[in-house]
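Below: one structure, written as structure tokens.
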Amino acid sequence: MDQNDSLLHFPSCSLRMYFDRPHSLTLAQYDHMGYPPGYPDPELEQYTAPQLMPDTPRVQLRLAGDKRKHNEGRVEVFYNGEWGTVCDDDFTLHSAQVVCRELGYVEAVSWSPSSKYGRGQGPIWFDNLHCTGREKTLSLCPSNGIGISDCKHSEDVGVVCSDKRIPGFKFVNTLPNHVENLDIQVEDVRIRPILSSYRKRIPVTEGYVEVKDGGKWKQICNTEWSVFNSRVICGMFGFPGEKKYNARVYKMFARRRKPSYWDFSVNCTGNEAHLSSCKLGQDTSLKSNSTCAEGLPVVVSCVPGRAFALTPMVGFRKAFRQEQALVRLRGGAIVGEGRVEVLKNGEWGTICDDNWNLLSATVVCRELGFGTAKEALSGGRLGQGMGPVHMNEVECSGFEKSITECYFNKEALGCSHEEDAAIRCNVPAMGFQERLRLNGGRNPYEGRVEVLVERNGSLVWGTICSEGWGTMEAMVVCRQLGLGFANNAFQETWYWPGEVSADTVVMSGVRCSGTEMSLSHCLHHGAHLSCPRGGGRNAAGVSCSETAPDLVLNPQVVEQTTYMEDRPMFMLQCAYEENCLASTSNQVPANSYRRLLRFSSQIHNNGQSDFRPKASRHSWVWHDCHRHYHSMEVFTHYDLFSLNGTKVAEGHKASFCLEDSECDEGIEKRYECANFGDQGITVGCWDTYRHDIDCQWVDITDIKPGDYIFRININPNYEVPESDYTNNVMKCRCRYDGHRVWMYSCHNGET
1 MDQNDSLLHF PSCSLRMYFD RPHSLTLAQY DHMGYPPGYP DPELEQYTAP QLMPDTPRVQ
61 LRLAGDKRKH NEGRVEVFYN GEWGTVCDDD FTLHSAQVVC RELGYVEAVS WSPSSKYGRG
121 QGPIWFDNLH CTGREKTLSL CPSNGIGISD CKHSEDVGVV CSDKRIPGFK FVNTLPNHVE
181 NLDIQVEDVR IRPILSSYRK RIPVTEGYVE VKDGGKWKQI CNTEWSVFNS RVICGMFGFP
241 GEKKYNARVY KMFARRRKPS YWDFSVNCTG NEAHLSSCKL GQDTSLKSNS TCAEGLPVVV
301 SCVPGRAFAL TPMVGFRKAF RQEQALVRLR GGAIVGEGRV EVLKNGEWGT ICDDNWNLLS
361 ATVVCRELGF GTAKEALSGG RLGQGMGPVH MNEVECSGFE KSITECYFNK EALGCSHEED
421 AAIRCNVPAM GFQERLRLNG GRNPYEGRVE VLVERNGSLV WGTICSEGWG TMEAMVVCRQ
481 LGLGFANNAF QETWYWPGEV SADTVVMSGV RCSGTEMSLS HCLHHGAHLS CPRGGGRNAA
541 GVSCSETAPD LVLNPQVVEQ TTYMEDRPMF MLQCAYEENC LASTSNQVPA NSYRRLLRFS
601 SQIHNNGQSD FRPKASRHSW VWHDCHRHYH SMEVFTHYDL FSLNGTKVAE GHKASFCLED
661 SECDEGIEKR YECANFGDQG ITVGCWDTYR HDIDCQWVDI TDIKPGDYIF RININPNYEV
721 PESDYTNNVM KCRCRYDGHR VWMYSCHNGE T
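Anchor point for the sequence shown: position 258 equals 258 in our numbering, and the numbering is continuous, going up by one each time.
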């Protein structure tokens, strides 16, 4: 793909990126996609508490039901001492806007009719709402009247609110006698490190719990605080558990500095994914000296997962590693997100999204060493898996140690990989984004990579030497900035003028495995730089994309189509020219035979975007012998190994032509090779290389009878970025007796 193609990929506004200083941009330029920090956001008005007339009905709202994010759910209204719902008749985005803003969110994103979040209970308080979007409370919108409705709970309406909270939002309790029924609504929450030993630690694991209400940070009185509350707070900040702390030290600190307490206590059950799902406790009883009765400010001490833990020997873990062997995430752009896969009977499979919610997603997140779930994703949103669907209709209490302990339906009838469940977890704030930036690009998701390093006691921005810079390094950059997957890695960036003050090369010899959370965790030269080409115009650059393809080989097809053929050399001239035969074929006469291990390969694109060759069409290579263009000189490796791992035979396959051979139902083919057509594999389609075409083999003429391991590796040089490279490898056991060959136990993955 050339650099112009990167314009086609824009990540969503929820992605984050940090820059050294704001750039001067026209505000309207990127309004449709949102602004990462460092780009000027449109100014948001400060919150002012609504002034309601005395005769305005007092209501409180909450989002309930089968949530997949904390800021979405069934709209429920507390009125006259009872919770009820809202009917979807005449409901519009204007009505959703009133709901979200009353709950403290900046705006509504969408709304859903027909009890998408489950059927509620109690009265249907509002029907035929006609809001303008400017009302201060839902009860001011014209409607049939409170409690007047001809709807059923099958028509309960739900909303999705934005992640952003209204600056300065202050919770106003209009129903003081029913506080225990209300959800917590505050502008923000944080853990503020108090002790000097924790102030410089990353991530922050211990300190005061503070809520931002009315634009001011306040502590919470600990008289009614429970371990369940601590569990929820730690989970929100990316930690799977909590532990005890030294209370005596904090008592001394509280005596020296007078706390400022929030008006309410907190009441969580412990399985909430977010504080906003907890209930308000009673008003804090205050003494005249502004300390809470017989109490102190709430302190939490959280336990980080192993990937984020500080250890005396090695510092932070250099690369993300799974904490559990029974569950894994695949297809996610950043640490803590991906399609959920579980291991059963030695085979990895997926989870069907029926009944998939935040509770179940949170169990997986904690199991893998993260915090609570930010989002439970359905519909194969992070790519489709292969193999069986192991679990369906999962129901968790939220306290299980593993998703495998939750109740589930073993029958996955009607579930396909289009319904694969996925998650996004809360992970600790490591500050990695602040040490990297992209500069000079046409949009915030591409540019020259500039890194913040320490030089002579001060922090300076500089560039990265592009020698050896490739897809894996670009993947780490995009992950570190929260910009999704790499779309391209550039070794020249003269067309992207970055900061002149950052032209100096400050990092060289960068080599990443692709799993690192930060570029600084990759191998690099350290203080002794080596960059013959220099920085500036030759500095490393990237473009990022929210989505990526994911190629997966079908192992059953390989197993079912394998056979052996003896073929004369005079019929293998084209294959010989393309180096598809063993090196010993150079010295044999034309009438001799080569023994070929033949098979078909069916390569699926299970990702979220089409697989396209890196080279643009004008640079494809024409092969006159086979009469077609190669868009990738090496598309797959075919290797045969002895049981001790020694390679005994090999083959390779250029992309004779990448095209859509077949597609899933409802998906149209986009790529075909005829008439110099576009090459690629569409999402949901597959490309089949039949066993009877040239080079679809391994030359086994020189190997002895015995047991072997056969391996296929797709996209082996990582020329094209993918969301998951671990499933590009397929392995089989192979038995050859000198006359016949058997292929068995084929499976995806290295293990």
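Even for Gly, the Cβ is constructed at its ideal location relative to N, Cα and C.
These figures come from a predicted structure and were not determined experimentally.
According to DSSP, Gln602 shares a beta bridge with Thr688. Across the set Val510, Met517 and Val552, the C-alpha of Val510 shows the shortest separation from the C-alpha of His528. Between the stretch 95 to 109 and the stretch 153 to 169, the count of C-beta pairs closer than 8 Å reaches three or more; the two stretches touch. Straight across, the Cα-Cα distance linking Leu329 with Met386 is about 13 Å. In the three-state scheme derived from DSSP, where H, G and I count as helix and E and B as strand, Glu272 is classed as coil. Taken in chain order, the complete beta strand (DSSP E) segments of 3 or more residues contained in the stretch 328 to 356 are 337 to 344 and 347 to 351. Rounded to whole angstroms, Glu650 and Arg612 show a C-alpha spacing of 26 Å. When the alpha-carbon of Ala429 is set against those of Asp687, Glu82 and Gly235, the nearest one is in Gly235.
Note on the stretch 146 to 219: whole beta strand (DSSP E) runs with a minimum of 3 residues are 158 to 161, 188 to 192, 206 to 213 and 216 to 219, in chain order. CA-to-CA, the gap between Asn591 and Ala575 works out to about 16 Å. In chain order, Cys87, Ile124 and Asp127 place their CB closer than 7 Å to the CB of Ser149, counting only its own chain and leaving out the 5 sequence neighbours on each side. Going by C-alpha positions, Ser518 is about 16 Å away from Val506. Each of Leu52, Thr493 and Thr223 was checked against the Cα of Gly281, and the nearest Cα belongs to Thr223. The beta carbons of Leu551 and Val698 sit no closer together than 8 Å. Here Ser95 is buried, its C-beta having at least 16 other C-beta atoms within 10 Å.
Of Arg248, Ala254 and Cys100, the smallest CA-CA separation from Gln185 is found for Cys100. Here the stretch 192 to 199 does not lie against the stretch 413 to 429, with fewer than 3 beta-carbon pairs under 8 Å apart. Between Ile703 and Met730, the C-beta spacing is not below 8 Å. Between the stretch 459 to 468 and the stretch 489 to 508, the count of Cβ pairs shorter than 8 Å is three or higher; the stretches touch. In this structure, Leu377 and Ile334 do not form a Cβ contact; the two beta carbons are roughly 14 Å apart against a cut-off of 8 Å. Counting C-beta pairs closer than 8 Å gives three or more between the stretch 69 to 80 and the stretch 264 to 278, which meets the contact rule. Met571 sits exposed, since fewer than 16 C-beta atoms from the chains shown fall within 10 Å of its C-beta. Contact annotation, Ile681 with Asn728: C-beta distance approximately 13 Å; criterion of less than 8 Å not satisfied. Runs of the beta strand (DSSP E) lying entirely within the stretch 513 to 589 and spanning at least 3 residues, in chain order: 541 to 545, 551 to 553 and 563 to 568. Nearest in C-alpha terms to Leu140, of all of Arg306, Val741, Asp55 and Asp707, is Asp55. Under DSSP, Pro297 takes part in a beta bridge, and its partners are Cys221.
Between Leu296 and Cys221, the alpha-carbon positions lie close to 6 Å from each other. For Lys251, the enclosing alpha helix (DSSP H) covers residues Ala247 to Arg256. Just so you know, the alpha carbons of Ser226 and Ile233 end up roughly 11 Å apart.
Per DSSP, Gly666 lies in no alpha helix (DSSP H) and is assigned neither H nor E.
As DSSP reads the structure, Tyr629 sits in a beta bridge with Trp622. For Leu343, the closest of Val299, Leu368 and His390 by C-alpha to C-alpha distance is His390. According to DSSP, Lys731 shares a beta bridge with Arg711 and His747. Here the alpha carbons of Gln480 and Glu393 stand approximately 34 Å from one another. By alpha-carbon distance to Cys734, the top candidate from Arg740, Asn748, Ser723 and Phe710 is Phe710.
In the structure shown, Cys131 adopts coil according to DSSP, grouped into three states.
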